[in-house]
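Numbering-wise (the working numbering), the sequence shown opens with residue 593 and increments by one.
All C-beta atoms, glycine included, are put in the ideal place defined by N, C-alpha and C.
Because the structure is a prediction, the values reported are computed rather than measured.
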Amino acid sequence: MRSHLLNDTNAEQYRRSVIEGVERVAARIATTDRPFTGVTVDALSPRVDAIDLDQPLHDTAAVLDELEDVYLRDAVYFHHPRYLAHLNCPVVIPAVLGEAVLSAVNSSLDTWDQSAGGTLIERKLIDWTTARIGLGPAADGVFTSGGTQSNLQALLLAREEAKTDSLGKLRVFASEVSHFSVQKSAKLLGLGPDAVVSIPVDHDKRLHTVALARELERCAQDGLVPMAVVATSGTTDFGSIDPLPEIAALCEQYGVWMHVDAAYGCGLLTSLKYRDRLAGIERADSVTVDYHKSFFQPVSSSAVLVRDAATLRHATYHAEYLNPRRMVQERIPNQVDKSLQTTRRFDALKLWMTLRVMGADGIGQLFDEVCDLAADGWRLLAADPRFHVVVEPSLSTLVFRYIPAAVTDPAEIDRANLYARRALFASGDAVVAGTKVAGRHYLKFTLLNPETTTADIAAVLDLIAGHAEQYLGDSLDRAS
């Protein structure tokens, strides 16, 4: 079994195995003509269940054949231009190369003596990102597993900076369309059930600053402690960007930690056309970025950034076997001093490879293309009497609803939209997402693929309308 351990004796076997796997994936990508096969849980589960993990195949080719059957053939392929559902981006080749390198070398980014150059590369990328944001010379941060972890760590720092032992008095303010991880983080941090105060949004789904000011004032009057305001730059449902300068002014007025969840909108940091939409982010105390959303990186690649590096001490613990305190005096950089994680992948390498091959402008050009595409899609939807589109996009998300001409019952329209989404997914022709707006069911395009065209959008809209009309026709037949 030692022959399977990657070392100097079997480098050639490693090369052959990886090439064989890469060729399988490349062949699948080259021949994929739709984002999904439409396979059902009931059809796929028995194939996976039939595999006896205690009986290895002892042959890479046989294992890849099996993998083709249980995974590769029926995977959801985000690179396809008609995958329009969630915040999943197609990935750039330099980042995939970085993934291959980091997996083989297998550095762990917790301590210097496990990563060396990896530590310095991650720190350089953190400095690059904080400079792009404009957080100032004292800024710092660390890579994380994703936006949820980044938001959790930011709110942990905010809780500690609030300097109170009365956790039940702490309040976090976020818009009603903010990410669910805000509520999850509050619970994990031991805050009370009423800790997160939901702030209404305006017509464009942006946090209503007048309502925020009112709630901050009420918090002070009630003897409560405002812990943090979470502003969102790119909400999951609408791609909306909260008014950051106004929120920053309120946070300064009330002495509240300002966190910006830019997991989605961080792509604007490299934008050549729309960077001004992030104006005000430089006044934040902490920022979440997800490179694996709008920097076209493989999952996972995220970071939490802070204005004041000293605040990261709230996540610092020292262990003699890992990062003893003396290392601080010896100026040995241990990233575990900043992180909620201990063992941690060298995910920063993917972004490093991307920047060194493509450059920041290359990333920004791709993100600008999907923002432009969303604007074109919005005009298409606004002019189509079959659909109601909710808001003009700030990023690359479109939320809309099929509205049949002859049906007025909102519940029946809900069912038609739900059916259309399910039928489209089952066909494999396209994948779209769904959400609720004012209690009603809507559909959602999250456009993160520059290869998607307005013709793709128009074709998928026709498919949606066709499925919805089929449902309504069948419904009328059943009723009669």
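- Taking a C-beta distance under 8 Å as the contact criterion, Met850 and Val896 do not qualify as a contact pair.
- Burial state of Met593 is exposed, judged by a 10 Å Cβ sphere holding fewer than 16 other Cβ atoms.
- Ser892 is a Cβ neighbour of Ser737, given a cutoff of 8 Å.
- Taken atom to atom, the span from the alpha-carbon of Val614 to that of Lys1036 is near 33 Å.
- Contact check for Thr1038 and Ser988: beta-carbon distance about 7 Å, within the 8 Å limit, so the pair qualifies.
- Cys963 and Asp834 have their C-alpha atoms roughly 17 Å apart.
- DSSP lists Val822, Ser878 as the bridge partner or partners of His851.
- With respect to Val769, Val789 sits apart: the two C-beta atoms are not nearer than 8 Å.
- About 13 Å separates the CB atoms of Ala855 and Ile873; that is not less than 8 Å, and the two are not in contact.
- Beta-bridge partners assigned by DSSP to Asp732: Val898.
- Counting of Cβ neighbours within 10 angstroms places Tyr909 among the exposed residues, the total staying below 16.
- Nearest C-alpha to Ala812 among Ser832, Leu799, Cys843: Cys843.
- Using a 10 angstroms sphere on the CB of Asp600, the tally of other CB atoms stays under 16, which defines it as exposed.
- A residue is called buried once 16 or more other Cβ atoms fall within 10 Å of its Cβ, and Gln933 is buried on that count.
- Per DSSP, reduced to three states, the secondary structure at Ala677 is coil, with no helix or strand assignment.
- A direct Cα-to-Cα measurement between Arg1007 and Ala998 gives close to 15 Å.
- When Cβ pairs closer than 8 Å are counted between the two stretches, the stretch 952-963 is seen not to touch the stretch 971-983, the count staying below three.
- In this structure, the beta-carbon distance from Arg665 to Thr629 falls below 8 Å.
- In the structure shown, Ala708 falls within a coil segment according to DSSP collapsed to helix, strand and coil.
- Counted as a single uninterrupted DSSP element, the beta strand (DSSP E) harbouring Leu762 occupies residues 762-767.
- Contact check between the stretch 703-712 and the stretch 915-932: three or more CB pairs, one atom from each, fall below 8 Å, which counts as touching.
- Between Asp1021 and Arg620 a beta carbon distance of about 18 Å is seen, past the 8 Å cut, so the two are scored as non-contacting.
- For Arg917, same chain residues with a beta-carbon under 7 Å away, outside a window of 5 residues either side, are His910 in chain order.
- In its chain, beyond the 5 residues on either side, Leu941, Lys942, Met945 have a beta carbon closer than 6 Å to the beta carbon of Gly690.
- Annotation: Thr1027 to Phe1017 spans about 15 Å, alpha carbon to alpha carbon.
- Counting only the Cα atoms, Ile1005 lies some 41 Å from Gln745.
- DSSP, read as helix, strand or coil, puts Ala940 in helix.
- Scanning the stretch 781-833 for uninterrupted beta strand (DSSP E) segments of 3 residues or longer gives 788-791, 817-824, listed from N- to C-terminal end.
- Taking a 10 Å sphere around the C-beta of Asn698, we find fewer than 16 other C-beta atoms and assign the residue as exposed.
- When Cβ pairs closer than 8 Å are counted between the two stretches, the stretch 676-683 is seen to touch the stretch 1039-1058, the count reaching three or more.
- In this structure, DSSP gives Ala907 a helical state, which the three-state scheme calls helix.
- Selection Ala1050, Phe670, Pro1002 evaluated against Ala975 yields Ala1050 as nearest (Cα-Cα).
- Under the rule that a run must span 4 or more residues, the alpha helix (DSSP H) segments found entirely inside the stretch 969-1037 read 1002-1019.
- With 16 or more other Cβ atoms from the protein chains shown falling within 10 Å of its own Cβ, Arg763 counts as buried.
- For the pair Ile791 and Arg937, the Cα-to-Cα distance works out to about 36 Å.
- The three-state reading of DSSP puts Arg918 in helix, counting H, G and I together.
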